[in-house]
Amino acid sequence: MFTAIFGSVELGIIYAIMALGVFITFRILDFPDLTVDGSFVTGAAVAAAMITLGYNPLLATSVAIVAGFIAGCCTGLLHTKGKINALLSGILMMIALYSINLRIMGTTTEAATRPNIPLLNTESVFSLFGSWWTTLPIDESVKNMLSSFVTGAIPSTVGTIVLMIVITLCIKVIVDWFLKTEMGLAIRATGDNKRMIRSFSANTDNYIILGLGLSNALVAFSGALVAQYSKSADVSMGVGMIVIGLASVIIGEAIFGTKTIVRTTLAVILGAIIYRIVLAIALRIEWLDAADLKLITAIIVILALILPQVLAKMKERKRKAKRKEQFRNKVRGNPGA
Amino acid sequence: MLKLTNINKVFNEGTPDEKVALGDINLHLAPGDFVTIIGSNGAGKSTMMNMISGALTPDFGTIHINGKNVTGDAEYKRARHIGRVFQDPMAGTAPSMTIEENLAIAYNRTKTRTLGFGVNKKKKDIYRTALEMLSLNLENRLNAKVGMLSGGERQALSLLMATFTQPSILLLDEHTAALDPSRAELITNITKQLVEKDSLTTLMVTHNMQQALDLGNRLIMMDKGQIILEVGEAEKANLTIPDLMAAFEKIRGEKMNSDRALLG
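Protein chains in written order, with full-length UniProt numbering: chain A, 1 to 337; chain B, 1 to 264.
In structure tokens form, the structure reads like this:
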């Protein structure tokens, strides 16, 4: 059980980067961007193909990020310059990327296209970091500490989770900072009130394109890391990614609140982890199969959307009842009034 | 400062709904001019404002701001020199952002936006000082989301934001029409104060004739896409509402449809 939870926390932190990307489009820009299903795979495909071709994993991951940025910009161009509906721009880019991703993975073989790339005996950012990390005495001591209060198997290294926490927190800090810069404020205002920000000399088209680019850069980054973590890239690994991203955003916001940007980005990261844990627990139910994954995801999102409303309604009803009671007591207390 | 030359615009050309929105408008504002515009619905007042701001482009004719031809410039490009307040108090601010963030956006109007912080200690002081002028206690609520403010407060903030960087032209499009009388008066006073402070060149559309007479140094009356009456500084001081009604009747040979104009 501990290993399963530990694995889902690891995975959750990697997917949190994707969720932050979805947060930028859905919440900040108010743009329902479906490019994500494609750009996630683009990130994975570029990283896997380049690593297979012998490039350094760090370089491969960096190029993956740039590829995601370009994909997002394309969606933005379709929407702003082509005047195509936001949803449709994303869907068009998503299916276009499906073919492009097959081509990208095809660069590793004689054939023109390839549906998947296994990364079995190759280096990855995790193995690079791990080989340095395990030379430090920290790993052993953390594992010793874990084994003292966890029964059963413990993970072979905590290097991966340490690396992921560091990367994800760095990205969170960068996103927080960016959204407070002059450009970031303009992007937020673009999602909030386009007419207003235009009247303050901001070119909303450019900010939409930039926002979509940054969002999909994060999504592709996440895809590149997932490919290296799970040691394979597959053309269908992005199916439903947008729903997973939304699930993380919604769960996080519902539980941890949205008072400030700093708090909301943290909520999104925690939401991504919680989503993975809920999924891991659900999959341990005997009569559920791995194939039910998407159904479970859909149900989690539906619950995350409906539960807060129900809770708010109950809270409101309670508040009103209390008010009524107070009022009655007051009237009874002053019969002459 | 602002010069409109032979501005023409037709909507729905070639259909039964064809409407001449602006028929050969010529208007020239000297620096510091404060012109109030009155006219019934459909007179072309808002169309003219949208022409100046760049939300609409004329069929032909030219618009000069500070001697530069801006007729073909996009709205966001011209916005560097044009401050604008809309009728809807919700339109001029970003509701989910804080007061200081909204002011930061206004502060950046004339600059290229960078990766520097929009709000820092030094800028906060500038924002606070500016807000104090409104006497609405907003300077102590810098971190409140603008969506939480009342319509009057939001309109006051919009006005401050529009004038923050001393734009070459200030456009006020019935900016007190959606408020109750006491709030409208407050906004009118703030308008007077802010415009006088930097002697801003201002165009204000209003349905309220009294407001049109009280504010500004010039007045124009529009009807059916044309400027039918121009009143200069000397005449305007002694003008009354009945004078305006009589002038309209004389020019148009019909009674002004004036319920809204009188009461608005």
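The beta-carbon is built from N, C-alpha and C at its ideal position, and this holds for glycine as well.
Determine the closest residue to residue i out of the options, with distance taken between C-alpha atoms.
{"i": "B/S96", "options": "A/R188, A/C74, A/K180", "result": "A/R188"}
{"i": "A/D205", "options": "A/I281, A/F31, A/I269, A/A67", "result": "A/F31"}
{"i": "B/Q211", "options": "B/S46, B/S150, B/L239, B/A94", "result": "B/L239"}
{"i": "A/L88", "options": "A/Y98, A/K81, A/L169, A/T75", "result": "A/T75"}
{"i": "B/S158", "options": "A/V150, A/F126, A/M196", "result": "A/M196"}
{"i": "B/E101", "options": "B/R141, B/I220, B/V231", "result": "B/R141"}
{"i": "B/T165", "options": "B/K3, B/K192, B/R80", "result": "B/R80"}
{"i": "A/V253", "options": "A/M237, A/A304, A/L77", "result": "Contrary to the premise, residue 253 of chain A reads as Glu rather than Val in this sequence. Comparing Cα-Cα distances from A/E253 to each of A/M237, A/A304, A/L77, the minimum goes to A/A304."}
List the residues of chain A whose Cβ lies closer than 9 Å to the Cβ of residue i, in chain order.
{"i": "B/A144", "result": "Within chain A, no residue comes near B/A144; the closest Cβ sits about 12 Å away, beyond 9 Å."}
For residue i, decide whether its Cβ has a neighbour in chain A, counting only Cβ atoms nearer than 8 Å.
{"i": "B/V10", "result": "no"}
{"i": "B/L263", "result": "Note that B/L263 has pLDDT 44, beneath the 50 cutoff, so the model's placement of it is unreliable and the number below is only indicative. It does not; no Cβ of chain A falls within 8 Å."}
{"i": "B/A130", "result": "no"}
{"i": "B/P95", "result": "yes"}
{"i": "B/R141", "result": "no"}
{"i": "B/F117", "result": "yes"}
{"i": "B/R260", "result": "Because the pLDDT at B/R260 is just 48, under 50, the model does not fix this residue reliably, and the value given afterwards should be weighed accordingly. Chain A contact via Cβ: absent."}
{"i": "B/R154", "result": "no"}
{"i": "B/I169", "result": "no"}
{"i": "B/A104", "result": "yes"}
{"i": "B/A21", "result": "no"}
{"i": "B/R84", "result": "yes"}
{"i": "B/E101", "result": "yes"}
{"i": "B/E174", "result": "no"}
{"i": "B/E75", "result": "yes"}
Is the beta carbon of residue i less than 8 Å from the beta carbon of residue j?
{"i": "A/D234", "j": "A/P57", "result": "no"}
{"i": "B/V205", "j": "B/E174", "result": "yes"}
{"i": "A/L163", "j": "A/F129", "result": "yes"}
{"i": "B/I99", "j": "B/L136", "result": "no"}
{"i": "A/S215", "j": "A/G21", "result": "yes"}
{"i": "A/A217", "j": "A/G68", "result": "yes"}
{"i": "A/T25", "j": "A/A71", "result": "no"}
{"i": "A/I28", "j": "A/T168", "result": "no"}
{"i": "A/L246", "j": "A/V301", "result": "yes"}
{"i": "B/T202", "j": "B/V35", "result": "yes"}
{"i": "B/K236", "j": "B/N217", "result": "yes"}
{"i": "B/I105", "j": "A/L185", "result": "yes"}
{"i": "B/M51", "j": "B/I169", "result": "no"}
Check whether chain B comes within 8 Å of residue i, counting only Cβ atoms and requiring the distance to be less than that.
{"i": "A/R328", "result": "no"}
{"i": "A/A337", "result": "Per-residue confidence for A/A337 stands at a pLDDT of 48, beneath the threshold of 50, marking its modelled position as unreliable; the derived number appears in the next sentence. By this cut-off, A/A337 is not an interface position."}
{"i": "A/S156", "result": "no"}
{"i": "A/G333", "result": "no"}
{"i": "A/N193", "result": "yes"}
{"i": "A/N203", "result": "yes"}
{"i": "A/A217", "result": "no"}
{"i": "A/M18", "result": "no"}
{"i": "A/A189", "result": "yes"}
Span of the alpha helix (DSSP H) holding residue i?
{"i": "B/K145", "result": "B/K145 -> no alpha helix (DSSP H), and no H or E assigned at all."}
{"i": "A/V166", "result": "159 to 178"}
{"i": "B/T5", "result": "Premise fails: B/T5 lies in the beta strand (DSSP E), 2 to 11, not in any alpha helix (DSSP H)."}
{"i": "B/N50", "result": "45 to 53"}
{"i": "B/R218", "result": "Taken as a continuous stretch (DSSP letters only), B/R218 belongs to no alpha helix (DSSP H), being part of the beta strand (DSSP E) at 218 to 223."}
{"i": "A/I285", "result": "Per DSSP, A/I285 belongs to no alpha helix (DSSP H) and is neither H nor E."}
{"i": "residue 338 of chain A", "result": "Only positions 1 to 337 of chain A appear in the structure, and residue 338 of chain A is not among them; the question remains open."}
I want to verify the contact list: residues of chain A whose CB lies under 8 Å from the CB of residue i, in sequence order.
{"i": "B/T114", "result": "T181, E182, M183"}
{"i": "B/Y127", "result": "By Cβ distance, chain A contributes nothing, its closest Cβ being about 13 Å from B/Y127, past 8 Å."}
So which residues of chain B does residue i contact, with C-beta pairs closer than 7 Å?
{"i": "A/M196", "result": "A91, G92, T93, A94"}
Which residues of chain A have a Cβ atom closer than 7 Å to the Cβ of residue i, listed in chain order?
{"i": "B/N66", "result": "The contacting residues do not exist; B/N66 stays about 15 Å from chain A at best."}
Closer than 8 Å by beta-carbon distance: list the chain B residues that pair up with residue i, in chain order.
{"i": "A/D176", "result": "Here the premise fails: no neighbours, minimum Cβ distance about 12 Å."}
{"i": "A/F200", "result": "A79, I105, A106, N108, R109, M161"}
{"i": "A/A224", "result": "Near A/A224 there are no residues of chain B at all, since even the closest Cβ is about 25 Å away, more than 8 Å."}
Along the chain, where does the beta strand (DSSP E) containing residue i start, and where does it finish?
{"i": "B/H28", "result": "19 to 29"}
{"i": "A/N116", "result": "116 to 118"}
{"i": "B/I230", "result": "Before going further, note that residue 230 of chain B is Glu rather than Ile in the sequence given. That run of the beta strand (DSSP E) goes 226 to 231."}
Which bits of chain B does residue i rub up against, with CB to CB less than 9 Å?
{"i": "A/V254", "result": "What sits at residue 254 of chain A in the sequence shown is Ala, not Val. Within 9 Å Cβ-Cβ: nothing; A/A254 doesn't reach chain B, min ~17 Å."}
{"i": "A/L186", "result": "Checking the sequence shown, residue 186 of chain A turns out to be Ala, not Leu. In chain order: I105, N108, R113, G118."}
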